[in-house]
Amino acid sequence: MTETIGLVLGMSLLAAAGVLLRHRYWPNDDDCEPREDVAEYIAMMVGVLYALLLGLSLVSVWESRSSAEEHVQIEAGAAHEIYQLADSLPAAEALRLRDSVTRYVRHTMRVELPALAEGHPPAQEGWHLLRNVRSANQVSPDAKPIEQATAQEVLAQLLVLDDARRGREADARDGLSPVLWFGLLSGGLLTIAFMFMFGIQRSASHVVMVMGLTGLITLTVLLIYQLDQPFEGPMAVDSSAFARYFPGT
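Per numbering that gives the first Met the number 0, residue 0 is the first one in the sequence shown, and the count goes up by one each step.
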């Protein structure tokens, strides 16, 4: 991040030095392009590049949020499938498996997801409970073929649940690149600053356009920030997927 900011500032200073040298040793004459045209062109290019940056950032965080929501839904669905598969096991094994799944789901709904909503990383207890589910998936050597097949299907669902949980934790850790955040903030300030300098003559129109552009940029950056935190804020991924399969847990 520091190297990126330094590189951007260095290139900007190099460009400024080039402009100063040009005006110092090759001053403008009557055949040069008018300054207003150059200023409008630069302002237009800044606006276009910033719009591309906004679009790139918005797509990135939207995909991240969709990934987090999908992982939670898959995790809840796999847990529900394991719970239902217990019907094909003997009573003692079924009770043990269902109890371990219920404890895992309860911990996820009441502890982990609320912790993620507050910005805290998930603890290791969830993995311990998941190992308990795996340990509960045991059948006796003389089990019936249907019971052995059920144990294999439970194992397959455990792999799905494990992958979904790892994906959920990765979604909570990952976020928009600091380089993109630097570009979003500095580009927004630069775009708004150009609105104060170039191309607007009527004061009323100037005020309306600056207000509209500033509000739109602020709204978009705030939307990107909310989507960049998939388990936090008003647009957060919550425990509704688990509550649908395990009501009252």
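Backbone N, C-alpha and C fix where the C-beta goes; we use that ideal spot for every residue, glycine too. Owing to the predicted nature of the structure, the values given are computational and were not obtained by experimental measurement.
Check	Outcome
Would a C-beta distance cut-off of 7 angstroms place residue 116 and residue 245 closer than the cut-off?	no
For residue 85, which of helix, strand or coil comes out of DSSP?	helix
Taking the alpha helix (DSSP H) that residue 149 falls in, what are its first and last residues?	144-172
For residue 211, which of 225, 223, 190 and 226 has the nearest alpha-carbon?	190
Should residue 228 go down as buried or exposed, given a rule of 16 or more other Cβ atoms within 10 Å for buried?	buried
Mapping the DSSP letters down to three states, classify residue 217 as helix, strand or coil.	helix
Should residue 141 be labelled buried (16 or more other beta-carbon atoms within 10 Å of its own) or exposed?	exposed
Just to confirm, are residue 314 and residue 223 a CB contact at a threshold of 7 angstroms?	With the chain covering 0 to 248 only, the question about residue 314 has no answer from this structure.
Report the residue from 81, 66, 169 and 240 whose alpha carbon sits nearest the alpha carbon of residue 135.	81
Have a look at residue 29 and residue 45 and give me their C-alpha separation to the nearest angstrom.	For residue 29, the predicted model reports a pLDDT of 49, less than 50, meaning its position is unreliable and no value from the coordinates is stated.
Exposed or buried, which one is residue 49 when buried takes at least 16 other CB atoms within 10 Å?	buried
Rounded to a whole number of angstroms, what is the C-alpha to C-alpha distance between residue 97 and residue 219?	45 angstroms
Anyone know if the C-beta pair for residue 69 and residue 164 falls short of 7 angstroms?	no
If distances are taken between C-alpha atoms only, which option among 40, 112, 89 and 101 comes closest to residue 67?	112
Does DSSP classify residue 30 as helix, strand or coil?	In this predicted model, residue 30 has a pLDDT of only 49, less than 50, meaning its place in the structure is not dependable; the value taken from the coordinates is given anyway. Residue 30 falls in the coil class under three-state DSSP.
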